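In the numbering used here, the protein residues as written are 26 to 379.
Here's what the structure looks like:
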């Protein structure tokens, strides 16, 4: 037996490629030679994909299960360079069914310079489907909540707000009437002040529920009004920084970014004990970035954002969900005593290949 033959025998006998281990492994395993040709797939792979291992041996990428996946030979070469890589990929079974797998590719080298790569698969198709269904449900619930807010806002504006405005006008007219005593005029003035304050509170509530500026003039003017309202609060100074020139975004992006900012500022007022808040927003050709920073008390951020529900921080969880619904990201950086920074990145036009 020549040297190459001996090396092949060693390769076959090492524990990582033990026939018993491979055959009994409950998860799919794909083994590639260093030249990217396929060396072996185990029975779990054949069972999951429907492809026969005997038909695949010595074939090279693109492999038949890649289907319409965006995976390329570059991904394989990257794994060869890094010696290890983790990724998620969308594949197709032999019967055409969709398949999503989590892949862990590891490099192995044995004597005589023989190299190969082992790809361990975990089928996450069902898990992904459940997550997608949940996100779809959350999207519909959020949309329903926003529509309900808009309806209530419109009814407040067209109903109670208009009636209060008419009562205020009548009260002002009465003050101008002749023959009223000074005491009566003073009382009417006091009533007018209370009516005006109540009317302003009602209008502010209506704007907070559904800012009309958002539909009419866009995101940045709506944020400016929100900051203006914030600065009416005592002992806090809020600044809006538009880093780049404002650009148009999808209406749902504008709404969710406004809600995220609104929730963040509400949290600052209620919990942070902050004296200064900076809201910065910047636009690129394909995304918008929102950063909200305060100098408040801060808090310890859990490793999993879903844990916010158990820490009575549902507002932060809602913000994260809003970003996720638009294929965006939300990162919270905070520690006790150091303030909080919330960074949000969202595509300007979700679903348009941005």
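Beta carbons are placed, not taken as given, at the ideal position from N, Cα and C, and that holds for glycine.
Just so we're clear, the structure is a prediction, and the values are computed from it rather than from any experiment.
Between the C-alpha atoms of residue 151 and residue 158 there is a straight-line separation of about 10 Å. For residue 284, the uninterrupted alpha helix (DSSP H) run begins and ends at 276 to 292, by DSSP. When C-alpha distances from residue 294 are compared across 265, 258, 273 and 221, the shortest belongs to 258. Counted as a single uninterrupted DSSP element, the beta strand (DSSP E) harbouring residue 312 occupies residues 312 to 319. For residue 357 and residue 291, the gap between their C-alpha atoms comes out near 16 Å. In terms of Cβ geometry, residue 145 and residue 58 do not form a close pair [threshold 7 Å]. Per DSSP, the unbroken alpha helix (DSSP H) holding residue 251 starts and ends at 244 to 255. Under the three-state reduction of DSSP output, residue 110 falls in the strand class. Distance from the CA of residue 225 to the CA of residue 192, rounded to the nearest whole angstrom, comes to 14 Å. In the structure shown, the three-state DSSP call for residue 185 is helix. Under the Cβ criterion (8 Å, minimum of three pairs), the stretch 303 to 315 counts as touching the stretch 266 to 284.
In this structure residue 231 is not in contact with residue 300, their Cβ atoms being roughly 29 Å apart against a cut-off of 8 Å. Here DSSP, grouped into helix, strand and coil, assigns residue 83 to coil. Counting along the chain, residue 68 sits inside the alpha helix (DSSP H) bounded by residues 68 to 74. Between the alpha carbons of residue 304 and residue 113 lies a gap of roughly 34 Å.
Taken through DSSP and simplified to helix, strand or coil, residue 165 comes out as helix.
In terms of Cβ geometry, residue 218 and residue 210 do not form a close pair [threshold 7 Å]. Here DSSP, grouped into helix, strand and coil, assigns residue 268 to coil.
Rounded to whole angstroms, the Cβ separation of residue 352 and residue 280 is 15 Å, and the two are not in contact under 8 Å. Residue 277 and residue 262 have their C-alpha atoms spaced approximately 28 Å apart.
The C-alpha of residue 284 is placed about 11 Å away from the C-alpha of residue 167. Contact between residue 55 and residue 63 holds: their C-beta atoms lie close to 7 Å from each other, under 8 Å. A direct Cα-to-Cα measurement between residue 70 and residue 175 gives close to 51 Å.
Linking residue 126 to residue 115 through their CA atoms gives a straight-line distance of about 7 Å. Shown here, residue 160 sits in a helix according to DSSP, grouped into three states. Taking the Cβ atoms as the reference, residue 361 lies roughly 6 Å from residue 325, within the contact range of under 8 Å. In this structure, DSSP gives residue 298 a state outside helix and strand, which the three-state scheme calls coil. Of the other Cβ atoms in all chains shown, fewer than 16 fall within 10 Å of the Cβ of residue 202; this residue is therefore exposed. Closest in C-alpha terms to residue 83, from the list 61, 234, 274 and 75, comes 61.
In the DSSP annotation of this structure, residue 205 is not part of any alpha helix (DSSP H), being labelled neither H nor E.
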